[in-house]
Amino acid sequence: MSIYTRPQFWWRAGIVLCAVAGLLATEHRILYFTAQSNIIALGYFAGLLYWMVHRNSAEPAAPRLRGAVTLWILITCLISHFLLSKGANPLPGLAAEDPVAALRNWSAFLVHYVVPAMILIDWVAFGPHRVVRWRDIPLWVAFPLGYGLIIEIRAVLLPAAPTRYPYFFLDPSERGYDWVAGQFLQLGAIFGILGAVVVGLDRLAALATPQHIPAEATAVALTTASPDPDPGAEPGPGTAPGAGSAPGAGSAPGAGSAPGAGNAPGAGNAPGAGNAPGAGTAPGAGSATGAVPGADTSAEGAATRPVVAEAADGAR
-14 MSIYTRPQFW
-4 WRAGIVLCAV
6 AGLLATEHRI
16 LYFTAQSNII
26 ALGYFAGLLY
36 WMVHRNSAEP
46 AAPRLRGAVT
56 LWILITCLIS
66 HFLLSKGANP
76 LPGLAAEDPV
86 AALRNWSAFL
96 VHYVVPAMIL
106 IDWVAFGPHR
116 VVRWRDIPLW
126 VAFPLGYGLI
136 IEIRAVLLPA
146 APTRYPYFFL
156 DPSERGYDWV
166 AGQFLQLGAI
176 FGILGAVVVG
186 LDRLAALATP
196 QHIPAEATAV
206 ALTTASPDPD
216 PGAEPGPGTA
226 PGAGSAPGAG
236 SAPGAGSAPG
246 AGNAPGAGNA
256 PGAGNAPGAG
266 TAPGAGSATG
276 AVPGADTSAE
286 GAATRPVVAE
296 AADGAR
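Numbered per the numbering used here, the sequence shown spans residues -14 to 301.
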């Protein structure tokens, strides 16, 4: 199946287009976490599209990084909506009469709402699932917390830099660093909970999605599996089918005797008795069924049989 017929490809292409439109519609300074998270998402999904086309597979590359990208873009959405916009409805601004204001609002709507929503849907709807681990969450949270720490260091080292604190909860000017440290702790806990939600959604999606086994893995399993013995296989040379020797004989078919060789009638062996026909041995050769107890069937015993036969003739 061509990758261009897969819904994953077109959905992720839509994510890339929305991210590009949102970032280019108006100015977004790289100093802001919004710009950084959207650029990371754009880079990841653009690379993912190339990966999908190159390998003709809908399976995403670096699925654990995909979980991190999902968390970071959700942080952008929630911080913007609840802390910066105070939960205001963004939809009325999309119909602003001023074209410049409308374009700015559309840009903010794309990077703060549309792209995060599309990435979250991609996370839940498309696999692979159960790849990310709970212990990945601290690694994911390290990036936004590290971002805040770098902002604080930058403000100290570059006091004359424009926009020293891009977000009010990072600004210690009025409430001091103790308050900022408290904000870090609260946000770190919230980010950790949000990371757990991301992993939890992945687990729930895995329960609702049938397990997918790649065709390559199935082929390898079938190739390396040991085949069952063929019940109709031909028995090995020198062994009668089903028993390993003729009934009651205890020796392999065709013990090397010439045709007709054996004991004379009445010498303890049944006339014409012998092993079942075997490979390379004439019928009747070998020991007879029901041989006299204690008879020697070894090679040395076979060599003494003519003497016994002659003694029997003399007895007559």
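Glycine included, each C-beta is placed from N, C-alpha and C at the ideal position.
- Of the residues assessed, Leu59 falls on the buried side of the cut-off, its CB having 16 or more other CB atoms within 10 angstroms.
- Remark: three or more beta-carbon pairs, one from each stretch, lie closer than 8 Å, so the region 57 to 73 and the region 90 to 105 are flagged as touching.
- Scanning Leu50, Ala102, Trp57 for the CA closest to the CA of Gly(-1) turns up Ala102.
- With respect to the 8 Å criterion, Leu79 and Ala87 are classified as neighbours on the basis of their beta carbons.
- In the structure shown, Asp107 falls within a helical segment according to DSSP collapsed to helix, strand and coil.
- In the DSSP assignment, Ala146 falls outside any alpha helix (DSSP H), carrying neither H nor E.
- The three-state reading of DSSP puts Met(-14) in coil, since its state is none of H, G, I, E or B.
- Runs of the beta strand (DSSP E) lying entirely within the region 26 to 72 and spanning at least 3 residues: none are present.
- In the structure shown, Thr194 adopts coil according to DSSP, grouped into three states.
- Contact between the region 175 to 188 and the region 118 to 128 is present, with at least three C-beta pairs closer than 8 Å.
- Setting aside the 5 residues that flank it on each side, Ser22 is surrounded in the same chain by Trp57, Ile58, Thr61, each with a C-beta closer than 6 Å to its C-beta; the list follows chain order.
- For Thr19, the secondary structure class from DSSP, reduced to helix, strand or coil, is helix.
- Taking C-beta atoms under 8 Å as the contact rule, Val126 and Gly177 qualify, at a distance of about 6 Å.
- According to the DSSP assignment, Leu88 belongs to the alpha helix (DSSP H) that extends over 84 to 94.
- The residue among Ala145, Thr11, Ala146, Leu50 with its C-alpha nearest the C-alpha of Gly32 is Leu50.
- Of the candidates Arg149, Thr(-10), Val1, the residue whose Cα lies closest to the Cα of Leu27 is Val1.
- One thing to note: Gly173 has its Cβ within 8 Å of the Cβ of Leu130.
- Between Ile136 and Leu155, the beta carbon gap of about 5 Å places them in contact (Cβ cut-off 8 Å).
- Boundaries for Arg120: no alpha helix (DSSP H) harbours it, and the DSSP string shows neither H nor E there.
- When DSSP states are grouped into helix, strand and coil, Ala81 belongs to the coil group.
- DSSP, read as helix, strand or coil, puts Pro129 in helix.
- Linking His39 to Ala93 through their CA atoms gives a straight-line distance of about 33 Å.
- Ala47 is not a Cβ neighbour of Arg(-9), given a cutoff of 8 Å.
- Within its own chain, the residues whose Cβ lies closer than 6 Å to the Cβ of Pro157, once the five positions on either side in sequence are excluded, are Val165, listed in chain order.
- Judged by their CB atoms, Tyr132 and Phe18 are nearer to each other than the 8 Å cut-off.
- When secondary structure is reduced to three states using DSSP, Val5 falls in the helix class.
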